[in-house]
Structures are given as structure tokens and as C-alpha cells.
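Yeah, the sequence shown ends on 412 if you go by full-length UniProt numbering, and it's all consecutive.
Note that beta-carbon positions come from the ideal geometry of N, C-alpha and C, so glycine has one too.
Remember, predicted model here, so these are calculated numbers, not experimental data.
Written out below as C-alpha cells is the structure these notes cover.
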Amino acid sequence: MDNAVNGFVIEDETSVKKRVNLKLDDLRTGELLKKKLETAAKQSNIKGFRPGKAPLSIIKKFYEAELLEEAAVEILNEDFKKILAEKDLFVVGTPRMEKKGDKEYTVYFEVMPSVKNLNLDLKIKEVKKRDITDEVIKDEINFLLERTADSEKQDDLSPINNSDRYFVKIDYITEDEAGKEIDNAKDYLISLNSNIIDKSFESVFIGKKKGDNFEYDDRERNVKVKGVIKEIDKKILPELNAETIKNFGNFKDVDEFKEYVKKSLKEYEDKRYKESIRSLISDELVNLNPVDLPESVIEEDALARLEDLKKQGKYKDIDEKQKGDLLNMLKLMAKRELVLYLLLSEISKTENIKIDESDFEEFYKKTAGESGLKEDEVKSFYATGEARNNLKQALLEDKIFDFLTASKVSYI
Numbered sequence: 001m002d003n004a005v006n007g008f009v010i011e012d013e014t015s016v017k018k019r020v021n022l023k024l025d026d027l028r029t030g031e032l033l034k035k036k037l038e039t040a041a042k043q044s045n046i047k048g049f050r051p052g053k054a055p056l057s058i059i060k061k062f063y064e065a066e067l068l069e070e071a072a073v074e075i076l077n078e079d080f081k082k083i084l085a086e087k088d089l090f091v092v093g094t095p096r097m098e099k100k101g102d103k104e105y106t107v108y109f110e111v112m113p114s115v116k117n118l119n120l121d122l123k124i125k126e127v128k129k130r131d132i133t134d135e136v137i138k139d140e141i142n143f144l145l146e147r148t149a150d151s152e153k154q155d156d157l158s159p160i161n162n163s164d165r166y167f168v169k170i171d172y173i174t175e176d177e178a179g180k181e182i183d184n185a186k187d188y189l190i191s192l193n194s195n196i197i198d199k200s201f202e203s204v205f206i207g208k209k210k211g212d213n214f215e216y217d218d219r220e221r222n223v224k225v226k227g228v229i230k231e232i233d234k235k236i237l238p239e240l241n242a243e244t245i246k247n248f249g250n251f252k253d254v255d256e257f258k259e260y261v262k263k264s265l266k267e268y269e270d271k272r273y274k275e276s277i278r279s280l281i282s283d284e285l286v287n288l289n290p291v292d293l294p295e296s297v298i299e300e301d302a303l304a305r306l307e308d309l310k311k312q313g314k315y316k317d318i319d320e321k322q323k324g325d326l327l328n329m330l331k332l333m334a335k336r337e338l339v340l341y342l343l344l345s346e347i348s349k350t351e352n353i354k355i356d357e358s359d360f361e362e363f364y365k366k367t368a369g370e371s372g373l374k375e376d377e378v379k380s381f382y383a384t385g386e387a388r389n390n391l392k393q394a395l396l397e398d399k400i401f402d403f404l405t406a407s408k409v410s411y412i
């Protein structure tokens with residue numbers, strides 16, 4: 001690609017870091033300096049002369065060097081902006097100017113990268129949808145009934161089984177691979193057989209009773225959890241009837257409540273499935289299409305995320321090392337999301353994916369039906385420019401991912 005503009009050559013240091021050498025135009029600089037000196041003369045208030053009446057020779061003596069520097073910077077900036085406009089470059093961060101010689105300067109700057117040669121041969125792991133069976137519905141109803149459950153002390157000699165539900169109080173320590181203690185707790189309460197904690201962790205308690213020791217090898221975290229069971233309370237679930245379902249809403253009867261639970265589970269599973277697919281597609285897109293981002297953009301985004309966390313009352317008292325570690329993690333997150341945004345934007349252009357008014361109307365209608373609000377009420381939430389723009393971006397991303405899922409994804 002020809003990087004020359006009116007005799008100025010843009011040189012690539014990387015795909016996003018660039019530089020251009022500028023030579024100061026004597027004629028234009030002299031003309032601008034003259035105007036600045038004349039303006040300074042009119043505004044001058046120098047001792048021994050009436051305001052605005054000091055001779056130009058005096059004005060030059062006091063201000064010429066300073067005004068010449070101002071004029072030079074303005075001329076150089078004017079040339080630099082013209083180069084950017086003609087090459088359609090979007091600068092990020094603050095350009096840096098260095099004087100290289102008499103009237104010669106180099107401007108160093110960063111630009112947002114352009115995405116080319118998109119690879120959309122997306123191969124992702126197949127995601128299974130959970131079937132919402134009668135057993136799944138029953139488990140969910142029992143989970144809801146636990147909110148109003150009573151409890152009774154388990155007999156000291158009675159072991160934990162895999163069908164009843166329990167509150168179990170434990171003391172434990174966590175050891176790393178070297179056997180060093182990294183965590184501990186006393187009187188820690190866990191809920192068993194309630195679909196809350198990992199099944200593999202629950203399994204170490206089956207068949208154990210009060211006073212027994214337990215040990216769990218957490219391979220995901222590469223740690224070992226050791227402890228002792230101190231107390232066991234068995235949960236006594238209430239009967240599912242017309243009275244107990246009042247705790248969960250205004251339902252006509254138990255059958256209507258079961259239908260509500262079934263519908264809620266299906267909606268949750270559809271959402272989980274969609275988010276899982278989107279996450280896998282996003283990872284594959286980023287892996288297949290590496291993009292070199294300007295460090296200044298990543299830094300700025302990460303710092304903004306850190307400030308948001310602080311406003312939420314998080315990480316206020318961290319030391320410099322912890323702040324540095326957190327910032328590095330936020331930079332990784334920022335880079336991934338910025339790259340993904342650029343890739344999705346390019347896909348919307350190359351595939352001509354757009355949002356029109358019918359997409360907004362469909363969203364308003366669907367949201368009104370799901371929330372019980374009127375369409376006009378839903379519309380009012382998105383009436384401001386910022387809210388509508390955010391909604392437009394979200395709807396566009398939905399369309400892009402639907403397109404990719406339907407036509408660009410193969411499962412492995």
C-alpha cells in the first residue's frame with residue numbers, strides 16, 4: 001500500500017504504530033508568526049507604552065521566540081491532520097512529536113487496526129441442551145421448597161445418603177500441591193443434594209456421619225480439601241400443595257405452578273445454551289483472527305474498568321503489587337473484548353448485517369410479552385439516545401451471532 005501523501009511518507013513500525021517525518025514550511029510559518037505578532041501587539045500592555053501601542057520591534061523582543069514555537073506547532077499539526085484525513089487514519093492516544101534537525105520533525109502515533117482477510121471457518125465444541133424432564137422439574141421444585149424447609153438434627157450414627165437433603169457444618173483446610181495450607185474455615189455450612197455445589201464434592205460425604213473425616217481432591221484447582229463433619233441437619237421439605245405454592249406467586253393450582261417451573265427452566269436452558277455457543281464462537285473468532293491493538297487503547301480501557309470497580313467499592317485498599325496484578329488481568333480482558341468488537345464490526349460490514357426499525361419493534365413486542373408491560377412502557381426505557389444506541393448494538397450483535405451460528409459454524 002502506498003503510504004505517501006503529498007511528499008510525506010508514513011512509515012510502519014508495527015501494524016498499529018506509525019511515524020511520519022515533517023518539514024516545517026517556512027513561508028506558512030512566517031505568515032502565521034506575523035499574524036500572531038500583530039495580535040500580540042494589539043493586546044500588549046508593556047510598561048512605557050500605551051496599551052496596544054508598543055512597536056512591533058518591541059513585541060518581537062519579548063514574544064517572538066514563544067510565538068514562533070506556537071506557529072511551528074500549529075503548522076505541523078495542520079500538516080499532520082491533513083495526512084491523517086487523506087489516508088483515512090483514526091489516531092488513538094496522544095501523538096508524540098520529536099525535533100530531528102533544523103525544521104525537521106518526526107511524529108509518532110498509534111492507529112486502530114483494520115481487520116482484513118477474516119477467517120470465519122469456525123469449528124467449536126458441540127454444546128448439549130439439557131432436556132427438561134419430569135425429574136428435572138421435580139428437582140427444581142424441591143430446590144424451591146427448600147426455602148421454606150424445616151430441619152432436624154441427624155442421629156449421630158446415621159450416615160448421609162444421596163436422596164435426602166442436608167445442612168452440614170464442617171471444619172476444613174485447603175492444601176496446595178506441595179501440601180502447604182492456603183485456606184481454612186471452621187463451622188462452615190454447606191448444603192448437600194440441593195444442586196448447589198459440585199456433585200463430585202458432594203459425593204465424598206455420602207455414607208459419612210457426624211465426626212467422620214473427609215478428603216476431596218480438587219483437580220480443577222489442583223488443591224486438596226481435608227476436614228471433619230461437625231454437625232448434620234436433615235432438611236424436612238414441606239408438602240407441595242395449594243398452600244405452599246403461595247410462597248412462589250399467585251398460581252391457580254399445583255399444575256399451573258409446575259407449568260411455570262417447566263417454562264422457567266426451558267427459558268433458562270435456552271439462554272444458557274445461547275450464551276455457551278456465543279462464548280465458544282467468540283473464542284474461536286479471536287483465535288483465528290489475531291489483531292494487533294495499540295497498547296494505549298488497552299491501557300485506557302483497563303484503567304476505566306479499574307475505576308468502575310473502585311466506584312462499586314471493590315479493590316479500594318489494594319497495594320501497588322495487587323493493583324499491578326489486577327491491571328494486567330483487566331488488560332487481558334480489555335484486549336479480548338476490543339478485538340472481538342472489531343471483528344464483529346467487520347463481519348457486519350462484509351456480510352451487510354444491519355439493524356432497522358422492524359428489529360426495534362420486534363424487541364419491544366417480545367419484551368412487553370415477557371415482562372407484562374405495555375409496548376409503550378418498554379419503548380420509554382430506550383427513549384434516550386444512549387439507551388437506544390446500546391440497544392442497537394446489542395441487537396446487532398445478536399444478529400451477527402445468529403448469522404455465524406447458522407452459516408459459519410461446524411461442530412467438533
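Quick check on the DSSP output: the alpha helix (DSSP H) that includes residue i runs from which residue to which?
i	result
Thr-367	357-371
Ser-380	375-381
Val-297	295-311
Ser-407	385-407
Val-291	Segment: none, Val-291 is in no alpha helix (DSSP H) and carries neither H nor E.
Arg-50	First-last for Arg-50: undefined, no H or E at that position.
Gly-249	Careful: Gly-249 lies outside any alpha helix (DSSP H) and carries neither H nor E.
Ser-44	Counting along the chain, Ser-44 falls outside any alpha helix (DSSP H), and DSSP gives it neither H nor E.
Ile-59	56-87
Within a Cβ cutoff of 7 Å, which residues of the same chain sit near residue i, ignoring the five residues on either side of it in sequence?
i	result
Leu-309	Tyr-315
Leu-144	Phe-248
Asn-195	Asp-139 and Phe-143
Ala-4	Low confidence applies to Ala-4: its pLDDT is 48, below 50, so where it sits in the model is not reliable, and the reading given next is rough at best. For Ala-4, where only same-chain residues beyond five positions count, there are no Cβ hits under 7 Å.
Phe-251	Ile-245, Phe-257 and Tyr-260
Leu-395	Ile-355, Asp-359 and Phe-363
Leu-56	Leu-37 and Ala-41
Phe-201	Tyr-216
Leu-240	Ile-141, Leu-145 and Val-254
Asn-162	Asn-193 and Ile-206
Please return the same chain residues whose Cβ sits closer than 8 Å to the Cβ of residue i, not counting the five positions on each side in sequence.
i	result
residue 421	Since the first and last residues shown for the chain are 1 and 412, residue 421 lies out of range.
Thr-106	Arg-19, Val-20, Asn-21, Leu-22, Met-97, Glu-98 and Lys-100
Phe-403	Ile-347, Glu-351 and Ile-353
Glu-299	Lys-331
Leu-24	Ala-72, Ile-75, Leu-76, Lys-103, Glu-104 and Tyr-105
Ser-371	Val-378
Glu-181	Ile-173, Thr-174 and Glu-175
Arg-147	Asn-247
Lys-60	Leu-37
Is residue i near residue j, with beta carbons less than 8 Å apart?
i	j	result
Asp-301	Ala-334	yes
Val-92	Val-297	yes
Leu-344	Glu-397	yes
Leu-33	Ala-71	yes
Leu-265	Ile-137	yes
residue 413	Leu-122	The requested residue 413 is not part of the displayed model; the chain covers only 1 to 412.
Leu-37	Leu-67	yes
Ile-173	Val-409	no
Ile-355	Lys-311	no
Asp-156	Lys-210	yes
Glu-375	Ala-368	yes
residue 451	Gln-154	Any answer about residue 451 is impossible in this case: the structure gives the chain only from 1 up to 412.
Asp-253	Ala-242	yes
Tyr-216	Asn-193	no
Leu-118	Asn-289	yes
Tell me where the beta strand (DSSP E) around residue i begins and ends.
i	result
Glu-98	91-101
Val-339	Here Val-339 belongs to no beta strand (DSSP E); instead the alpha helix (DSSP H) covers 320-350.
Phe-8	8-12
Val-261	Counting along the chain, Val-261 falls outside any beta strand (DSSP E), though it belongs to the alpha helix (DSSP H) covering 254-288.
Lys-18	17-23
Only counting the same chain, and skipping five residues up and downstream in sequence, which positions put a Cβ closer than 6 Å to that of residue i?
i	result
Lys-169	Asp-187, Leu-189, Lys-230 and Glu-231
Asp-2	Per-residue confidence for Asp-2 stands at a pLDDT of 47, beneath the threshold of 50, marking its modelled position as unreliable; the derived number appears in the next sentence. Cβ within range, chain order: n/a, list empty.
Asp-150	Ile-236
Asp-319	none
Gly-207	Pro-159
Asn-213	Val-228
Glu-110	Val-16, Lys-17, Val-92, Gly-93, Pro-294 and Ser-296
Could you give the C-beta distance for residue i and residue j, rounded to a whole number, given that I count them as a contact under 8 Å?
i	j	result
Tyr-273	Val-127	6 Å
Gly-227	Asp-171	5 Å
Val-286	Leu-340	6 Å
residue 435	Pro-113	Only positions 1 to 412 of the chain appear in the structure, and residue 435 is not among them; the question remains open.
Glu-269	Lys-129	6 Å
When you measure from the CB of residue i to every non-hydrogen atom of the ligand PLP, does any distance come out below 7 Å?
i	result
Lys-123	With respect to small molecules bound, the structure shown includes none, and the ligand PLP cannot be examined in it.
Unbroken stretches of the beta strand (DSSP E), 3 residues or longer, contained in the stretch 110-182: If we require 3 residues or more, the beta strand (DSSP E) runs fully inside the stretch 110-182 come out as 122-124, 150-153 and 166-175.
Going residue by residue through the stretch 183-247, where are the continuous beta strand (DSSP E) segments of at least 3 residues, counting only ones entirely within it? Fully enclosed beta strand (DSSP E) runs of 3 or longer: 213-218 and 223-236.
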